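Asks:
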Amino acid sequence: MRFEQFSQGSSFLHRLDTRVKLISTFFLSLVLALCQSDLTALAGLVIGILLITAARLEMRQVCYRLLMVNAFVGFLWITLPLSYPGDRVFAVGVLSISSQGVALATLITMKTNAIILIITALLATSGTADLGHGLERLGMPRKLCLLLLFSYRYIFVIHQEYQRLARAARLRCFRPGTNLHTYRTYGYLFGMTLVKSCHRADRVRQAMMLRGFKGRFLTLNDSIPVRNDLLFLGAAVAGAFCLLALELGTR
Amino acid sequence: MTNAPLILLQDISHRYADAENLILNKVHISLSEHQRVGLIGPNGCGKTTLFHLIMGLLKPLSGTVRYKGKVLAGDKDFGELREEVGLLFQDADDQLFSPTVLEDVAFGPLNKGAAPAEARDIAQQTLKDLGLSHLERRITHHLSGGEKKLVALATILAMHPRVLLLDEPTNNLDQQTQSRLIGIINGLDLAFMIISHDYDFLVATCEDLYLLDKGHVTSGHTSHLHTHHHAHPHGAHPHKHGDA
Chain D
1 MRFEQFSQGS SFLHRLDTRV KLISTFFLSL VLALCQSDLT ALAGLVIGIL LITAARLEMR
61 QVCYRLLMVN AFVGFLWITL PLSYPGDRVF AVGVLSISSQ GVALATLITM KTNAIILIIT
121 ALLATSGTAD LGHGLERLGM PRKLCLLLLF SYRYIFVIHQ EYQRLARAAR LRCFRPGTNL
181 HTYRTYGYLF GMTLVKSCHR ADRVRQAMML RGFKGRFLTL NDSIPVRNDL LFLGAAVAGA
241 FCLLALELGT R
Chain P
1 MTNAPLILLQ DISHRYADAE NLILNKVHIS LSEHQRVGLI GPNGCGKTTL FHLIMGLLKP
61 LSGTVRYKGK VLAGDKDFGE LREEVGLLFQ DADDQLFSPT VLEDVAFGPL NKGAAPAEAR
121 DIAQQTLKDL GLSHLERRIT HHLSGGEKKL VALATILAMH PRVLLLDEPT NNLDQQTQSR
181 LIGIINGLDL AFMIISHDYD FLVATCEDLY LLDKGHVTSG HTSHLHTHHH AHPHGAHPHK
241 HGDA
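Residue numbers (the working numbering), protein chains in the order written: chain D, 1 to 251; chain P, 1 to 244.
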């Protein structure tokens with residue numbers, strides 16, 4: 001498992017205040033997710049490409065990430081043109097491809113990629129911990145923020161625990177197959193991982209209590225947004241409004 | 001022992017819900033200011049349970065826990081003790097939950113009410129004292145086992161405790177990290193109690209000794225570990241004696 005592969009860097013976007021990035025992402029992706037015109041989606045895609053360039057990330061990894069997302073989009077390309085009712089542009093026997101289906105699949109592809117690019121450029125350039133603190137300072141429910149921080153911290157430990165168990169099973173000549181023994185063994189492995197995680201959660205709670213935790217995470221870096229942050233926020237929100245105007249204008 | 005004991009357990013008995021026998025049976029233990037005590041006993045004899053009872057993580061079946069002479073009952077009483085008594089867990093992964101080392105060490109001071117800048121100073125100073133400054137920005141789960149243990153100790157020391165309870169601190173540590181830990185512990189001006197199966201480590205760090213077995217405690221002196229070293233259960237294994 002690899003996390004936070006984009007969080008280290010020295011670009012302008014890496015240094016932005018997390019709250020500014022969260023708000024910008026929210027507005028831009030909200031407009032893009034709801035838009036229905038190709039032009040808006042295309043404009044969003046351009047914004048996404050500009051941002052990802054500004055973030056100066058390793059392009060190979062960005063492409064790999066896009067590829068993973070577009071694997072899901074691929075399923076839409078298989079189903080939508082065939083199933084969406086509309087004008088037939090091409091037909092083989094009972095199968096027919098509708099132009100509306102193709103248009104819809106194109107729109108979804110552009111929207112998806114635009115949003116992923118924006119999220120990668122803006123959110124993936126912050127560490128999970130900073131995002132958690134940023135969300136909390138934006139007034140998100142504290143419990144959800146804690147959940148995010150702890151999931152991030154302990155997913156590695158739980159993953160390691162699972163691997164330890166799986167290794168132990170392998171060393172005793174366990175070879176997965178399509179049989180009841182395999183299903184039962186995996187059931188035990190998952191179950192045992194769950195039990196262990198539960199015990200660990202208990203011990204972590206105790207450790208936190210002993211160090212005076214009273215339900216609120218206090219943070220060391222209480223940064224204040226500087227001029228650059230506010231400028232970026234202004235630009236991003238303005239960008240979101242432009243997209244909205246474009247959308248309403250082309251409807 | 002001229003001072004009044006800091007921690008005093010009187011007639012403490014405890015039994016786990018699923019067990020038949022008492023794990024601790026009228027145990028009496030005390031720890032005075034600056035006293036250095038080792039706690040040994042076979043696996044599963046209740047050593048960790050004893051620490052958890054002291055910290056108020058478990059409630060005893062009967063008996064009292066006193067801190068500086070005061071009987072502790074509710075969570076609020078134990079809150080006072082927890083500010084001054086630090087417990088180092090067996091598994092450092094349980095203790096390090098913040099993303100970065102610095103944040104984790106600053107967690108305790110922040111909770112005690114220090115301002116962010118002040119907490120940062122305390123954390124940095126503590127790491128510096130332990131020679132761990134280079135780990136400050138590191139992600140906690142990427143540390144090695146030895147580093148995790150030392151950072152976990154730093155998170156406790158940053159709270160400026162008067163008493164340390166160390167639960168098998170040398171587990172899975174290499175010889176070099178062990179010696180480093182001995183150096184750190186011996187340089188502390190605190191009272192502490194150490195659970196360990198490592199006799200050499202106890203001889204190097206402690207003066208007094210509690211032996212816990214079958215729910216009962218007997219006390220002794222670590223020098224007995226020198227004079228009777230052939231009688232102890234690890235006698236068949238090659239290891240050093242007496243040069244601590």
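Using N, Cα and C, we set each Cβ at its ideal position, and we do this for glycine too. All of these numbers come straight from a predicted model, not from anything done at the bench.
Given a cut-off of 9 Å on the beta-carbon distance, is the pair isoleucine 54 of chain P and proline 99 of chain P in contact?
Replies: For isoleucine 54 of chain P and proline 99 of chain P, no; Cβs fall outside 9 Å.
Asks: Taking the alpha carbon of leucine 286 of chain P as the point to measure from, which residue in P:Val71, P:Gln35 and P:Glu136 has its own alpha carbon closest?
Replies: Any question about residue 286 of chain P goes unanswered here, given that chain P covers just 1 to 244.
Asks: To the nearest angstrom, report how far apart phenylalanine 174 of chain D and valine 195 of chain D are at their CA atoms.
Replies: Distance between the alpha carbons of phenylalanine 174 of chain D and valine 195 of chain D is about 21 Å.
Asks: Measure the alpha-carbon distance for histidine 230 of chain P versus proline 109 of chain P and round it to whole angstroms.
Replies: Unreliable positioning characterises histidine 230 of chain P in this predicted model, as indicated by a pLDDT of 45, which lies under 50. A coordinate reading is not provided.
Asks: Which residues in the same chain as leucine 31 of chain P place their Cβ atom closer than 7 Å to its Cβ, once the five residues preceding and following it in sequence are excluded?
Replies: Pro5, Leu6, Ile7, Val37, Val163, Ala191 and Met193, listed in sequence order.
Asks: For a quick check, are the C-beta atoms of aspartate 17 of chain D and proline 176 of chain D less than 9 Å apart?
Replies: No. Outside cutoff.
Asks: Beta carbons nearer than 8 Å to chain P: which residues of the segment 200 to 231 of chain D have them?
Replies: Residues passing the 8 Å Cβ filter: Arg200, Arg203, Val204, Gln206, Ala207, Met208, Met209, Leu210, Arg211, Gly212, Phe213, Lys214, Leu218, Thr219, Leu220, Asn221 and Asp222.
Asks: What is the residue span of the beta strand (DSSP E) that histidine 216 of chain P lies within?
Replies: 216 to 221 is the span of the beta strand (DSSP E), which, as asked, contains histidine 216 of chain P.
Asks: Hey, leucine 165 of chain P and leucine 88 of chain P are a contact pair by Cβ (cut 8 Å); roughly how many whole angstroms apart?
Replies: Rounded, the Cβ-Cβ distance is 7 Å, consistent with contact.
Asks: Would you decide whether threonine 227 of chain P is buried or exposed? Buried here means 16 or more other CB atoms lie within 10 Å of its CB.
Replies: Bear in mind that a pLDDT of 48 at threonine 227 of chain P, under 50, signals an unreliable position, so the number given afterwards is only what the model happens to contain. The residue in question, threonine 227 of chain P, is exposed, as its Cβ has fewer than 16 Cβ neighbours within 10 Å.
Asks: Which residues, in chain order, does the segment 81 to 92 of chain P contribute to contact with chain D at a C-beta distance below 8 Å?
Replies: Listed by position along the chain: Arg82, Glu83, Gly86, Leu87, Phe89 and Asp91.
Asks: Just to make sure I have the definition right: I need the residues of chain P whose C-beta is within less than 8 Å of the C-beta of alanine 129 of chain D. Which are they?
Replies: Correct list: Ser98, Pro99, Thr100 and Glu103.
Asks: Within a Cβ cutoff of 8 Å, which residues of the same chain sit near histidine 28 of chain P, ignoring the five residues on either side of it in sequence?
Replies: So the list reads Leu9, Gln10, Asp11, Ile12 and Val217, once near-sequence residues are dropped.
Asks: From glycine 249 of chain D to alanine 33 of chain D, what does the alpha carbon distance come to, in whole angstroms?
Replies: C-alpha separation (whole angstroms): 17 Å.
Asks: 9 Å is my cut-off, CB to CB: does alanine 6 of chain D come that close to chain P?
Replies: Before going further, note that residue 6 of chain D is phenylalanine rather than alanine in the sequence given. Chain P, which has no Cβ nearer than 9 Å to the Cβ of phenylalanine 6 of chain D, makes this no.
Asks: Along the beta strand (DSSP E) that carries phenylalanine 90 of chain D, what are the first and last residues, could you check?
Replies: First-last of the beta strand (DSSP E) with phenylalanine 90 of chain D: 88 to 92.
Asks: Output yes or no for whether 9 Å exceeds the beta carbon distance between glycine 215 of chain P and isoleucine 40 of chain P.
Replies: No; because the gap between Cβ atoms is not below 9 Å, this pair is not in contact.
Asks: Note down the Cα distance separating glycine 132 of chain D from leucine 218 of chain D, rounded to an integer number of angstroms.
Replies: The straight-line gap from Cα to Cα measures roughly 12 Å.
Asks: Taking just the CA atoms, how far does serine 37 of chain D sit from alanine 155 of chain P?
Replies: Reading off the sequence, residue 155 of chain P comes out as threonine, not alanine. Roughly 55 Å separates the two Cα atoms.
Asks: In whole angstroms, what separates the C-alpha of threonine 2 of chain P from that of glutamate 207 of chain P?
Replies: Bear in mind that a pLDDT of 47 at threonine 2 of chain P, under 50, signals an unreliable position, so the model cannot answer this.
Asks: Counting contacts by CB-CB distance shorter than 9 Å, is isoleucine 185 of chain P in contact with chain D?
Replies: Isoleucine 185 of chain P does not count as touching chain D.
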